[in-house]
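Mapping of the sequence shown onto the working numbering: position 580 corresponds to residue 580, and the numbering continues sequentially without gaps. Even glycine gets a Cβ: it sits at the ideal position worked out from N, Cα and C. All of these numbers come straight from a predicted model, not from anything done at the bench. Step one of this worksheet: look at the structure below.
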Amino acid sequence: MFSKSSGMRGWFNFAILIAFIAIMFALGNLAIKRSVDAVIVANAERKATNWSHYLSTAMPDLQGMIRTGEATAAQKAVIDKAVQVADVFRFKLFNASAQMVLISDELGKPLEVGAQTDHNGYARRVLDTGRAIIDVQDGRQKDNRPDLYVEAYVPVLSGSGDCIGVVEVYLDQTPVANLFQSKFFTLVSSLGFVVLFSFGVPFLAYFFKLRQQVKTDAKVRLLSSRDQLTGLPNRSTFFQNVEDARQSGRLDLHNAAIVFIDLDNFKAINDTFGHKAGDAFLRHVGNAISSHLSDGDLAARFGGDEFILISANRTMAEVEALIESLRKSVSMPVRVDGIALTGHLSLGVHFDNLGDVSLKDRMHKADIALYQAKLMGRDNWVLFTPDLEEKIARRRYVEECIVAGFPQDRFEVHYQPLIEHSSSEVVGFEALLRLRDAGGDFISPTEFIPVAEDAGEINKIGMWVLEEAVKTAATWPEPLFVSVNLSAKQFDDGELVEAVKTILDKAGLPANRLELEVTENTLIEQEEKVTCQLRAFSAMGVSLAMDDFGTGYSSLGYLWKYAFDKIKVDRSFITSLTDIEGKSLHVLDTIIELGHRLDMTVTVEGIETEDQVQALQKLSCDHFQGFYYGVPMQASDLAPFVAENLAQVKVRAKRPVAVSEIKASG
Ligand code: C2E
Ligand code: MG
Ligand code: MG
């Protein structure tokens with residue numbers, strides 16, 4: 001990634017700059033030293049040559065002195081003077097045989113034995129070549145010597161220009177060296193400064209810019225690894241974190257609980273209160289999750305209203321406690337612009353410390369559990385169990401069949417006759433929806449209707465059933481009616497009444513030949529919304545039947561409040577009709593009595609046997625419905641029921657019932 005490598009590159013370049021400066025500095029020093037040495041040598045040679053010339057001209061009988069090695073008083077006076085000329089503090093004289101004959105500061109002292117020798121051979125070389133030799137010496141460690149001096153071996157020439165010996169001149173070069181050193185230093189440092197300024201300043205600017213970029217980049221990386229809204233890691237960071245934790249041994253997935261978390265009705269919060277409220281709520285959930293994390297927990301926002309939590313160090317009981325506490329925190333109201341919003345969570349958990357299952361599989365299982373939690377009405381949590389997988393797979397298959405339903409003509413409306421008790425005649429039919437699966441078998445409506453409701457398909461399907469049923473009923477003679485089941489969801493958009501009116505008009509079926517069946521649940525779920533639409537149906541002349549009465553709360557309130565025309569007693573009463581104490585019969589009798597008192601007709605559903613018919617003879621119910629009288633069948637098979645009398649109907653009903661019909665009827 002740019003940030004990491006550019007960071008490294010920045011430091012690397014910086015190190016190179018420092019090394020470059022250090023090398024330049026060392027080279028500068030070396031150059032200064034070399035230059036100073038060269039200057040000293042040149043200067044010393046010039047001085048020594050001049051001085052030698054001075055000596056040969058100023059010294060009386062220089063040749064004699066060289067020859068004897070003895071200095072006369074006059075010569076001594078010149079020697080004393082000569083060592084003060086041109087920084088010369090000492091000199092030695094060698095004769096033409098390169099033998100030392102005199103040392104200026106040891107005049108009078110006999111020369112040490114062997115001292116006459118030209119120990120380094122310089123005098124000999126000078127005599128041979130006629131060229132001076134300059135030997136630079138460091139005098140710091142020596143007594144009576146300047147810090148820097150040279151021993152310059154130069155030829156001594158006679159007045160006629162012959163080389164009569166060699167003089168080794170000791171020249172103090174310390175002031176010269178200091179002067180040149182400081183001059184060179186000033187020059188080199190100015191040069192260095194110029195170089196540094198021309199290269200270093202832009203480089204430093206680049207370096208600091210790069211560092212700034214690295215910092216910005218790190219910040220961007222941090223931000224992009226986190227969800228901006230909640231501060232929780234995002235999806236990709238989550239997987240990275242899990243991997244890191246696994247590799248470092250902090251997370252053992254075999255003992256971890258995977259919890260999928262989904263905010264219920266988030267879309268509704270967004271749609272109703274706006275995105276600001278939605279964001280506030282997501283932050284609220286994010287905070288609640290963060291505050292529940294402890295060592296060994298990893299959490300992330302997966303996107304939208306989905307979160308995930310992996311908890312490594314908890315028992316199932318502790319995971320349960322965590323979930324309950326989390327749900328409680330989230331259900332606390334959040335205030336946005338003065339409005340208190342409340343929301344709930346659905347959670348799916350996978351906790352299995354035995355199986356060797358991959359993270360992907362475990363997440364899939366937690367997701368299945370979450371799906372189930374939502375199907376169960378949301379605001380709850382479900383622990384994954386193996387049977388759920390099959391259940392959900394089946395549900396998904398059913399959903400696929402629903403989606404394929406219209407394009408592939410898999411929906412059919414079947415009709416089951418409703419018989420009037422007093423006349424034993426067919427008075428109408430209940431329209432019952434059928435859906436075939438890919439193999440052509442029926443899927444029970446008790447299975448596919450809830451799926452269609454959840455998948456948001458029920459309005460389209462319900463409308464199609466109404467159209468089909470009304471169209472078919474319009475072909476029947478009066479006063480046969482058709483009864484159509486409605487789902488609670490069909491009342492949602494408030495357009496049902498108008499749609500039904502249009503369908504009736506289009507088919508030319510009078511409203512009183514249509515009956516609509518709703519269950520108690522429809523009213524419980526959204527009483528307000530449904531109420532006015534039911535009243536509108538009543539006002540139109542459409543009959544209303546309360547279906548499956550006796551299975552829910554069987555609230556009497558619903559019966560008298562909504563002007564139902566009919567009660568359809570659930571078939572569970574009929575199946576237990578012949579029980580030993582006959583209690584069901586009493587209950588049924590009471591319901592029928594109640595219905596009649598409220599001016600409603602009562603239909604008993606699910607009549608299958610002669611015994612049940614006999615038992616019901618004693619009661620005063622109005623309509624019968626059941627396989628005994630007729631199974632749900634296609635519109636094309638209805639003709640005999642429509643045209644013939646009950647005696648014939650009964651004969652027909654005794655034909656073997658198609659297996660698929662029984663399966664479908666559940
Ligand atoms: P429901 O409205 O109570 O319909 C009666 C159910 O009882 C039907 O099941 C019918 O086939 C079955 N049945 C009738 N007589 C007998 C009998 O003697 N014995 C047995 N064992 N069953 C009998 P079906 O067709 O499977 O429908 C089940 C439920 O699905 C219906 O119950 C209704 O709630 C729903 N449903 C069916 N069609 C539609 C529809 O078009 N829209 C909506 N929203 N729901 C529908
Ligand atoms: Mg019904
Ligand atoms: Mg029913």
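Got a sec? Which residues, its chain only, sit under 6 Å from residue i by beta carbon, not counting five neighbours each side?
{"i": "residue 427", "result": "418 and 420"}
{"i": "residue 87", "result": "171 and 172"}
{"i": "residue 540", "result": "511"}
Helix or strand or just coil, what does DSSP make of residue i?
{"i": "residue 288", "result": "helix"}
{"i": "residue 64", "result": "helix"}
{"i": "residue 261", "result": "strand"}
{"i": "residue 601", "result": "strand"}
{"i": "residue 348", "result": "strand"}
{"i": "residue 20", "result": "helix"}
{"i": "residue 50", "result": "helix"}
{"i": "residue 11", "result": "helix"}
{"i": "residue 623", "result": "strand"}
{"i": "residue 407", "result": "coil"}
{"i": "residue 146", "result": "coil"}
{"i": "residue 270", "result": "helix"}
{"i": "residue 514", "result": "strand"}
{"i": "residue 431", "result": "strand"}
{"i": "residue 396", "result": "helix"}
{"i": "residue 36", "result": "helix"}
{"i": "residue 547", "result": "strand"}
{"i": "residue 498", "result": "helix"}
{"i": "residue 476", "result": "coil"}
{"i": "residue 307", "result": "strand"}
{"i": "residue 129", "result": "helix"}
{"i": "residue 124", "result": "helix"}
{"i": "residue 612", "result": "helix"}
{"i": "residue 692", "result": "The chain is shown only over 1 to 666; residue 692 falls outside these bounds and no answer can be derived."}
{"i": "residue 414", "result": "strand"}
{"i": "residue 153", "result": "strand"}
{"i": "residue 566", "result": "strand"}
{"i": "residue 316", "result": "helix"}
{"i": "residue 168", "result": "strand"}
Are the beta-carbon atoms belonging to residue i and residue j less than 7 Å from one another?
{"i": "residue 165", "j": "residue 96", "result": "yes"}
{"i": "residue 536", "j": "residue 566", "result": "no"}
{"i": "residue 503", "j": "residue 457", "result": "no"}
{"i": "residue 229", "j": "residue 305", "result": "no"}
{"i": "residue 235", "j": "residue 307", "result": "no"}
{"i": "residue 45", "j": "residue 132", "result": "yes"}
{"i": "residue 233", "j": "residue 300", "result": "yes"}
{"i": "residue 52", "j": "residue 136", "result": "no"}
{"i": "residue 533", "j": "residue 496", "result": "yes"}
{"i": "residue 398", "j": "residue 465", "result": "no"}
{"i": "residue 598", "j": "residue 560", "result": "yes"}
{"i": "residue 288", "j": "residue 326", "result": "yes"}
{"i": "residue 571", "j": "residue 606", "result": "yes"}
{"i": "residue 79", "j": "residue 101", "result": "no"}
{"i": "residue 604", "j": "residue 642", "result": "no"}
{"i": "residue 432", "j": "residue 448", "result": "no"}
Using C-beta distances below 7 Å, list every residue in its chain close to residue i, excluding the 5 sequence neighbours before and after it, in chain order.
{"i": "residue 366", "result": "258, 259, 260, 348, 349, 350 and 384"}
{"i": "residue 295", "result": "313"}
Please check the pair residue i and residue j, which I expect to be a contact at CB under 8 Å, by giving their CB distance rounded to whole angstroms.
{"i": "residue 346", "j": "residue 373", "result": "4 Å"}
{"i": "residue 587", "j": "residue 573", "result": "7 Å"}
{"i": "residue 341", "j": "residue 281", "result": "6 Å"}
{"i": "residue 668", "j": "residue 463", "result": "The structure shown has nothing for residue 668, since the chain only spans 1 to 666."}
{"i": "residue 442", "j": "residue 482", "result": "The pair is not a contact, with the Cβ atoms about 20 Å apart (cut-off 8 Å)."}
{"i": "residue 174", "j": "residue 143", "result": "Residue 174 to residue 143, Cβ: 16 Å. No contact."}
{"i": "residue 85", "j": "residue 91", "result": "10 Å between Cβ atoms; not a contact."}
{"i": "residue 719", "j": "residue 118", "result": "Because the chain here runs from 1 to 666, residue 719 falls outside it and cannot be looked at."}
Give every residue of the same chain whose Cβ lies closer than 8 Å to the Cβ of residue i, excluding the five residues on either side of it in the sequence, and list them in chain order.
{"i": "residue 163", "result": "96, 127, 130, 155, 156 and 157"}
{"i": "residue 530", "result": "488, 491, 518, 522 and 523"}
{"i": "residue 285", "result": "230, 261, 263, 305, 307, 330, 343 and 345"}
{"i": "residue 185", "result": "32"}
{"i": "residue 409", "result": "none"}
{"i": "residue 549", "result": "520, 567, 568, 569, 570 and 591"}
- Query: Do the stretch 190-201 and the stretch 260-268 make contact, defined as three or more Cβ pairs closer than 8 Å?
  - Reply: no
- Item | Meets three-Cβ-pair contact criterion under 8 Å: the stretch 363-383 and the stretch 415-428 | no
- Message: Using 8 Å as the cut-off, can you tell me whether the stretch 70-78 makes contact with the stretch 22-42, which would need three or more C-beta pairs spanning the two stretches below that distance?
- Response: no
- Query: Do the stretch 242-251 and the stretch 317-333 meet, that is, are 3 or more Cβ pairs less than 8 Å apart?
  - Reply: no
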